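Below is one structure; the comments refer to it alone.
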Amino acid sequence: MYLQDVLNALSGGALIGFSAALVLIVNGRILGVSGIIGQIFIFKNWRDVTWRVVFLVVLFLTGVFLSHVRPEWFDGQPPLSRFGLALAGLLVGFGTQLGNGCTSGHGVCGISRLSKRSVIATLVFMGTAILTVAIRRFLTGSAGL
Amino acid sequence: MNMTQGNFAQQSQSRSYFKDILSVPLLFISISAILFGVGLGLSGMTRSSKVLGFLDVFGVWDPSLMFVMLGAIAVYATAFHFVSKRLSKPLLANEFSLPNTGKVDRGLIGGSILFGVGWGLAGVCPGPAVILSTVSTSGFVFFSSMLIGVAFYHFVKRRGIL
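Protein chains in written order, with my numbering: chain G, 15 to 159; chain V, 370 to 531.
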């Protein structure tokens, strides 16, 4: 761990917190990416869905832009086979809907609001993820980095 | 005269509809999405190797991503407790619409376990998944299967299977 990594993590985190605060104060909503995606699938009405679609499209475009101007923010090598990635994606998609949130909604917004649900959810998904990496390291000798 | 007035009313009504749905709030949402994306990239959350290193507590642990959460919570908790609580309503919406914070149920635990396994395998959570969706083939595979997972959940829920 280098000091630069810590500073990048802190300032990147502060940006994430600020962007979530903007959604809260301006729009009165929680910024949770899995919730934003899920609510689009549920589709109540356009008013409800529009801001979510806009958020996702702009986030997606930001990614496209960043991959050109900051390629060092992206990995070359995937940590899994295609099949493994598809399985992991299914689990993340299904799990975040069933658990009502992910790293942003529970981990940042929920914990900040001192939500009991979110604190427990975050402990569970962090613990499970750490365990998953540990088991993989035990079985294959590598964490897939 | 009446007709012009009618036209005007109709027009201003449709204008206010567009004002609600488009324009200012969506400008802020867009700014928020850009900051969110840059924050994820800068902090290292878009690099699955970095995320897996953070989760590799029993191996070669890289704890630096802990500070992402720390930085984010510091800013958001301040905004939540000291700004939003003093507002009777959001600046550009009619009301705060925040989820329950109380009861822990089986779905919360089970869902978080499934999410944790997926996150631990790929090192990608939903925010970075959106960013990575077109950056690499593996990003696309992960993102599209994540959407299938989301759709499958809402499908079985609507059918009452879950």
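The C-beta atom is built at its ideal place from N, Cα and C for all residues, glycine as well. What you are looking at is a predicted structure, and each value in this text was computed from that prediction instead of being measured.
Legend entry - Assigned secondary structure, residue 375 of chain V (DSSP; H/G/I helix, E/B strand, else coil): In this predicted model, residue 375 of chain V has a pLDDT of only 46, less than 50, meaning its place in the structure is not dependable; the value taken from the coordinates is given anyway. The answer is helix: DSSP assigns residue 375 of chain V an H, G or I state.
Inset, instruction - Leaving aside the five residues before and after residue 431 of chain V along the sequence, list all residues of the same chain whose C-beta is less than 8 angstroms from its C-beta, in chain order. - result: 419, 422, 423, 425
Legend entry - CB of residue 44 of chain G within 8 angstroms of CB of residue 442 of chain V, strictly: no
Legend entry - Own chain partners of residue 57 of chain G with C-beta closer than 7 angstroms, once the 5 adjacent residues on each side are dropped: 63
Legend entry - Short Cβ contact (8 angstroms threshold) for residue 498 of chain V with residue 417 of chain V: no
Inset, instruction - Run down chain G in chain order and give the residues with a C-beta less than 8 angstroms from the C-beta of residue 458 of chain V. - result: 42
Legend entry - Whole-number beta carbon distance between residue 76 of chain G and residue 407 of chain V, since they are thought to touch under 8 angstroms: 7 angstroms
Legend entry - Separation of residue 42 of chain G from residue 462 of chain V, as counted between CA atoms: 7 angstroms
Inset, instruction - Tell me whether residue 514 of chain V sits in a helix, a strand or coil according to DSSP, three-state version. - result: helix
Inset, instruction - Enumerate in chain order the residues of its own chain whose CB-to-CB distance from residue 360 of chain V is below 8 angstroms, with the five nearest sequence positions on each side excluded. - result: Here chain V has residues from 370 to 531 only, and residue 360 of chain V is not among them.
Legend entry - 7 angstroms CB neighbourhood of residue 158 of chain G in its chain, flanking five on each side removed: 93, 94, 150
Inset, instruction - Kindly say whether residue 517 of chain V, judged by its beta-carbon, lies nearer than 8 angstroms to any beta-carbon of chain G. - result: yes
Legend entry - Under 8 angstroms from the C-beta of residue 154 of chain G: neighbouring residues of chain V: In chain order: nothing, as chain V lies at least about 12 angstroms away.
Inset, instruction - Could you check what DSSP says for residue 70 of chain G in three-state terms: helix, strand or coil? - result: helix
Legend entry - DSSP-derived helix/strand/coil call for residue 502 of chain V: coil
Inset, instruction - Tell me, please, whether the CB atom of residue 130 of chain G is closer than 8 angstroms to any CB atom in chain V? - result: yes
Inset, instruction - Check whether the Cβ atoms of residue 500 of chain V and residue 73 of chain G sit closer than 8 angstroms, and answer yes or no. - result: yes
Inset, instruction - Count the CB pairs spanning the region 512-521 of chain V and the region 126-135 of chain G that are closer than 8 angstroms, and state whether there are at least three. - result: no
Inset, instruction - Taking residue 403 of chain V as the query, report the chain G residues whose CB atoms sit under 7 angstroms from its CB, ordered along the chain. - result: 72, 76
Legend entry - Distance CB(residue 486 of chain V)-CB(residue 511 of chain V) smaller than 8 angstroms: no
Legend entry - Proximity below 8 angstroms, CB of residue 411 of chain V to CB of residue 113 of chain G: no
Inset, instruction - Compare the C-beta of residue 476 of chain V with all C-beta atoms of chain G and state if any pair is closer than 8 angstroms. - result: yes
Legend entry - Nearest-angstrom Cβ-Cβ length linking residue 70 of chain G and residue 51 of chain G, presumed shorter than 8 angstroms: 7 angstroms
Legend entry - Cβ of residue 37 of chain G within 8 angstroms of any chain V Cβ: yes
Legend entry - Alpha-carbon spacing of residue 80 of chain G relative to residue 401 of chain V, whole angstroms: 15 angstroms
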